[in-house]
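K.L.:
Sharing a structure, written as structure tokens. Questions coming.
Number of protein chains: 4
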Amino acid sequence: MKAATRVIVTEGLSAPTATIAREAGVSSGSLFTYFDTKAELFNQLYLELKSGMAAAALEGIPAGGKFRDQMFHVWSNWMRWAVASPEKRRALAQLSVSDQMTAATRAGGNKAMKGLAELMERCRAKGALRDAPMAFVASIVNSMAEATMDFMVQDPTNAAKHCKAGFEALWRALN
Amino acid sequence: MKAATRVIVTEGLSAPTATIAREAGVSSGSLFTYFDTKAELFNQLYLELKSGMAAAALEGIPAGGKFRDQMFHVWSNWMRWAVASPEKRRALAQLSVSDQMTAATRAGGNKAMKGLAELMERCRAKGALRDAPMAFVASIVNSMAEATMDFMVQDPTNAAKHCKAGFEALWRALN
Amino acid sequence: MKAATRVIVTEGLSAPTATIAREAGVSSGSLFTYFDTKAELFNQLYLELKSGMAAAALEGIPAGGKFRDQMFHVWSNWMRWAVASPEKRRALAQLSVSDQMTAATRAGGNKAMKGLAELMERCRAKGALRDAPMAFVASIVNSMAEATMDFMVQDPTNAAKHCKAGFEALWRALN
Amino acid sequence: MKAATRVIVTEGLSAPTATIAREAGVSSGSLFTYFDTKAELFNQLYLELKSGMAAAALEGIPAGGKFRDQMFHVWSNWMRWAVASPEKRRALAQLSVSDQMTAATRAGGNKAMKGLAELMERCRAKGALRDAPMAFVASIVNSMAEATMDFMVQDPTNAAKHCKAGFEALWRALN
DNA sequence: CATGAATGAGCGTTCATTCAT
DNA sequence: GATGAATGAACGCTCATTCAT
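Residue numbers (our numbering), protein chains in the order written: chain A, 1 to 175; chain B, 1001 to 1175; chain C, 2001 to 2175; chain D, 3001 to 3175.
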């Protein structure tokens, strides 16, 4: 998985399986002992990365406190993961837009995001978009997160500032 | 171009050039009379689609009137283009994330978006994100547009409603 | 023909016919009005070049005089042609080893060389190789001519010297 | 290598790699496991054939004895190789005039011919062509060898006679 | 279970030749 | 007769996958 992540970042999804195997230090044949096809490897990797991202975001939510503070805690976790794992993030981005991801895999990805989704749902239900479908809100959250990550990575000195600005823009959009 | 757009939507960027040629009703060799390589075809198509999208968005901006109304006019144009040209939109999305797009092509794409970029800049300069980099704002605008388009397409009955809701969320985020 | 000669020198026999046509200032289709196939163009060019070479070699043979002097006159003509027409010589060399030359073309080439062949035959008949087949002698003459040409071209300052040395080596070989 | 040699003789250098692979009894893809490109296969084959030819020529030179006898021994070896390996000879001839041979390959070929070159140099230094460049002599030797080979192959009954006649003509030319 | 050579279908691209204008 | 766009067969090369060892 680690090898595949690295290779996807440098060579894209069209990288030969042999390259991934070499990067992982195994033979090209061994790869197919564990994954029936290249597509299956990618599907599993997608799930692993998405789950890892969700888990990182949900870590250590303050039990009490205001909802907005909880949300900001999650948002910060999420941004921190992105900054700390740029390769995982980029590989995940590539996998997300690939048409090799099966419906089952996408469903699994959503399941892994369940905890986050519930928080978003709470946002939606009591905010300005209370009449919009949940997926609309999720999409907005996702894309504002991506935009914020980009600028934290590009301008690391002001990462904390961008993190906060992104959150506040999102909060305004939703309330 | 039309054939390439259709084929990209159904088969992705890895579709054989022969398929595109057949869809266009020409021989496989003829394609290379007009485009030196597959990558060049994709680069030109990206520019064409991006320019078309930008032109559609900027059509008929009311000269006078409030800035917010002008923005909403552009936003509506943009959403209308997306709903009316789902294939173009999907092909453009795939091309946008492809690493086959050259720097020159991306630069050309940005140039085509210049009119839109200027409007966004006016939003940024006097709004809550006045201290954020322009590209941050552009990314937010883009992604909220994408989210809105998705839900207009998925739920066409309430398209006008989603269009308005998306715009308002964006406006809140920026002000 | 001139265009084909130039193109063969710079790009070899695998040069596209379109390149030859462009060099000749005609359309790619026109080429096939005058030559049914690429191979036919090459066969005709071979004949033209070979005939031109033979004619150049035989020009102005002194009627009387010693046989050796006549031979040297021809040899000098031949070398002069090679030095003056390096492109023709190189194109002819490439055509000569090509398997696209038909038997008829090769026969025609020999016919064009008839005058030279008769001189060689006189050499053979009264020299050391009088028992060897004529073609053996012809091959030796040809290849010593090629060797001499190479060094006249590479070292033009001493061209006359190389010309003479080559002739004398040949004369020794044959007598 | 053997398969490539055979195929080059029958179909020339433009033979499809698939034909060579089939002749070798392997799949078309396997060929590229061992040679990165068709050109590399040809370059390696050239070196192998040239080295083999040189080695055959230099085999068992009589240590003592007259220089002329040593030369004739080498000449005979050389001619014997040509008669025994007509396919190798023809493939080598085609490869030698191909512009796909790299400078490095030609340099390697010359290195393999070093032993022969030294003998030729001794001929040159004390013969009639002592003032001519070495490459001139080498070219003459080569081409008289080729002429002799041709006639040994065409008239095998008198092969030994042609071999001797060729050598003597060469010896006269050089002395 | 690990290995890595072998496989062969598939693709992008070229180019001799044709033919409607 | 000239043109040059169109044609499509052919080729070099790649790579996911298999399987004998």
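All C-beta atoms in this analysis are idealised placements derived from N, C-alpha and C, irrespective of residue type, glycine included.
Which same chain residues end up closer than 8 Å to B/Phe1067 when comparing Cβ atoms and leaving out the 5 residues on each side of it in sequence?
P.N.:
For B/Phe1067, where only same-chain residues beyond five positions count, the Cβ hits under 8 Å are Arg1122.
K.L.:
Nearest chain D C-beta to C/Phe2042 closer than 8 Å, yes or no?
P.N.:
Answer no: the Cβ-Cβ gap between C/Phe2042 and chain D never drops below 8 Å.
K.L.:
I want to verify the contact list: residues of chain C whose CB lies under 8 Å from the CB of D/Leu3049, in sequence order.
P.N.:
In chain order: nothing, as chain C lies at least about 16 Å away.
K.L.:
Tell me whether A/Ser30 is buried or exposed, calling it buried when 16 or more other Cβ atoms sit within 10 Å of its Cβ.
P.N.:
Exposed.
K.L.:
What does the alpha-carbon distance come out to for the pair A/Leu45 and B/Lys1038?
P.N.:
Those two C-alpha atoms are separated by around 29 Å.
K.L.:
Under 8 Å by Cβ, that's how I've got D/Leu3116 and D/Ala3057 pegged, so tell me the actual separation to the nearest angstrom.
P.N.:
Right, their Cβ atoms sit about 6 Å apart.
K.L.:
In the stretch 1016-1091 of chain B, which residue ranges form an unbroken alpha helix (DSSP H) of at least 4 residues, counting only runs that do not cross its ends?
P.N.:
Entirely contained in the stretch 1016-1091 of chain B, the alpha helix (DSSP H) runs reaching 4 residues are, in chain order, 1017-1024, 1031-1034, 1038-1058 and 1067-1084.
K.L.:
Can you confirm whether the stretch 1012-1019 of chain B touches the stretch 1160-1167 of chain B when touching is taken to mean that 3 or more C-beta pairs between the two stretches lie within less than 8 Å?
P.N.:
Counting Cβ pairs under 8 Å, fewer than three are found: no touch.
K.L.:
I'd like the ranges of any alpha helix (DSSP H) spanning at least 4 consecutive residues and lying wholly in the stretch 1093-1168 of chain B.
P.N.:
1103-1112, 1114-1126 and 1134-1154, all fully within the stretch 1093-1168 of chain B.
K.L.:
Can you name the residues of chain A whose CB is closer than 9 Å to the CB of B/Phe1167?
P.N.:
Chain A residues near B/Phe1167: none, gap ~11 Å exceeds 9 Å.
K.L.:
How big is the Cα-Cα spacing for D/Ser3143 and A/Ser28?
P.N.:
Rounded to the nearest angstrom, the two C-alpha atoms are 51 Å apart.
K.L.:
Can you find the residues in the same chain that come closer than 6 Å, C-beta to C-beta, to C/Met2120, ignoring five residues on each side of it along the sequence?
P.N.:
Counting only Cβ-Cβ distances below 6 Å, and skipping sequence neighbours, we find Val2137, Ala2138 and Val2141.
K.L.:
Going along chain C, which residues have a C-beta under 7 Å from D/Ala3147?
P.N.:
Per Cβ cutoff of 7 Å: Phe2136, Ser2139, Ile2140 and Ser2143.
K.L.:
I want to know whether the stretch 2100-2107 of chain C touches the stretch 2153-2164 of chain C - three or more CB-CB distances under 8 Å.
P.N.:
Touching, no.
K.L.:
Using DSSP with H/G/I as helix, E/B as strand and the rest coil, what is A/Leu13?
P.N.:
Coil at A/Leu13, not helix or strand.
K.L.:
Against chain A, which members of the stretch 1084-1117 of chain B pass a CB distance test of less than 8 Å?
P.N.:
For the stretch 1084-1117 of chain B, which is checked against every Cβ of chain A, the residues closer than 8 Å are Ala1093, Gln1094, Val1097 and Asp1099.
K.L.:
Please determine, among C/Gly2052, C/His2162 and C/Phe2032, the residue with the shortest C-alpha to C-alpha distance to C/Glu2087.
P.N.:
It is C/Gly2052.
K.L.:
Please go through the same chain and pick out, in chain order, the residues whose beta-carbon is closer than 6 Å to the beta-carbon of D/Arg3089, but skip the five residues on each side of it.
P.N.:
Taken in chain order, the residues that qualify are Ala3082.
K.L.:
Beta-carbon within less than 8 Å of C/Ile2061's beta-carbon, same chain only, minus the 5 sequence neighbours each way: which residues are those?
P.N.:
Around C/Ile2061: Gln2070, His2073 and Val2074.
K.L.:
So with Cβ pairs under 8 Å, would you call C/Phe2072 a contact of chain D?
P.N.:
For C/Phe2072, the answer is no, since every Cβ of chain D falls outside 8 Å of its Cβ.
K.L.:
With 16 as the cutoff for other CB atoms within 10 Å, does B/Val1097 come out buried or exposed?
P.N.:
B/Val1097 comes out exposed.
K.L.:
In chain B, which residues lie with their C-beta within 9 Å of the C-beta of A/Ala128?
P.N.:
Those are Ala1165, Glu1168, Ala1169 and Arg1172, listed as they occur along chain B.
K.L.:
Distance check for D/Leu3174 and D/Leu3129, CA to CA, integer angstroms please.
P.N.:
Looking at the two C-alpha atoms, the distance is approximately 6 Å.
K.L.:
How would you list, in chain order, the residues of chain B whose beta-carbon sits under 8 Å from the beta-carbon of A/Ala159?
P.N.:
Here the premise fails: no neighbours, minimum Cβ distance about 13 Å.
K.L.:
Could you list which residues in chain A have their beta carbon closer than 9 Å to that of B/Ala1125, in chain order?
P.N.:
By Cβ distance, chain A contributes nothing, its closest Cβ being about 15 Å from B/Ala1125, past 9 Å.
K.L.:
Would you please verify whether the beta carbon of D/Pro3133 is less than 8 Å from any beta carbon of chain C?
P.N.:
Cβ-Cβ to chain C under 8 Å: yes for D/Pro3133.
K.L.:
Under 8 Å between beta-carbons, which chain B residues line up against A/Gly12? List them in chain order, please.
P.N.:
Per Cβ cutoff of 8 Å: Asp1099.
K.L.:
Going by CA-CA distance only, name the one from D/Met3113, D/Leu3041, D/Tyr3034 and D/Ala3004 that's closest to D/Ala3135.
P.N.:
Among D/Met3113, D/Leu3041, D/Tyr3034 and D/Ala3004, the Cα nearest to that of D/Ala3135 belongs to D/Met3113.
K.L.:
Would you kindly work out how many angstroms separate the C-alpha atoms of C/Asp2099 and B/Gln1100, rounded to a whole number?
P.N.:
Cα to Cα, the separation comes out at about 42 Å.
K.L.:
Can you give the Cα-Cα distance for B/Trp1171 and A/Glu40, rounded to whole angstroms?
P.N.:
Near 42 Å, if we compare the C-alpha coordinates of A/Glu40 and B/Trp1171.
K.L.:
Would you call the CB atoms of A/Glu48 and A/Asn77 closer than 8 Å?
P.N.:
No, Cβ-Cβ distance for A/Glu48 and A/Asn77 is not below 8 Å.
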